[in-house]
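Notes follow the structure.
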Amino acid sequence: MTEAELNDLFDAFNRHDIDVIMPYFHDDIVFDTVSGPEAYGTRIVGKEAVKAQFEATWGAMPDVQWLNGKHYFAQERIVSESTFIATQADGRRHHADSVDLFTLSDGKIIRKQAFRKNRPLLDPA
1 MTEAELNDLF DAFNRHDIDV IMPYFHDDIV FDTVSGPEAY GTRIVGKEAV KAQFEATWGA
61 MPDVQWLNGK HYFAQERIVS ESTFIATQAD GRRHHADSVD LFTLSDGKII RKQAFRKNRP
121 LLDPA
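Yeah, the sequence shown ends on 125 if you go by full-length UniProt numbering, and it's all consecutive.
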């Protein structure tokens, strides 16, 4: 995966374009979310389950964006920094720095580990 491809992927996430996003992911993708009951958050396994999770996030926070992306490559690993912004249904807002750790297999993302600063939600503007 190249930096241009990763930028295209993030642009697709910001457009919420699932048809462009999913081809970047391996059929055996494992996605560890930013929160959940386990040390790794919540683990989502398989392409269809990950797709459903992405769509659920967009449904819960229709304005969600990952901005200011910077990507660092180390063989089959990528570190991706961005700023996560989104508004919840109650009007409170997320605005926090985040990191995704990607692992590649056969040129596709097979593992996505998401991390975000634990910042209090902001009151509605």
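The beta-carbon is built from N, C-alpha and C at its ideal position, and this holds for glycine as well.
These numbers were taken from a predicted model, which means no experiment stands behind them.
{"Item": "Delimiting residues of the alpha helix (DSSP H) encompassing A4", "Value": "E3 to R15"}
{"Item": "Three-state secondary structure assigned by DSSP to T103", "Value": "strand"}
{"Item": "Cβ neighbours of F31 in the same chain (closer than 6 Å, five flanking residues each side left out)", "Value": "I44, V50 and K112"}
{"Item": "Distance, G41 Cα to F118 Cα", "Value": "Checking the sequence shown, residue 118 turns out to be Asn, not Phe. When rounded, the distance between both Cα atoms is 13 Å."}
{"Item": "Close Cβ partners of F25 (< 7 Å) along its chain, the five nearest in sequence each way excluded", "Value": "K47, V50, K108 and I109"}
{"Item": "Cβ neighbours of E55 in the same chain (closer than 7 Å, five flanking residues each side left out)", "Value": "I18"}
{"Item": "Neighbourhood of V70 by C-beta, 6 Å cutoff - its chain only, sequence neighbours within 5 removed", "Value": "According to the sequence displayed, residue 70 carries Lys and not Val. The residues are E81."}
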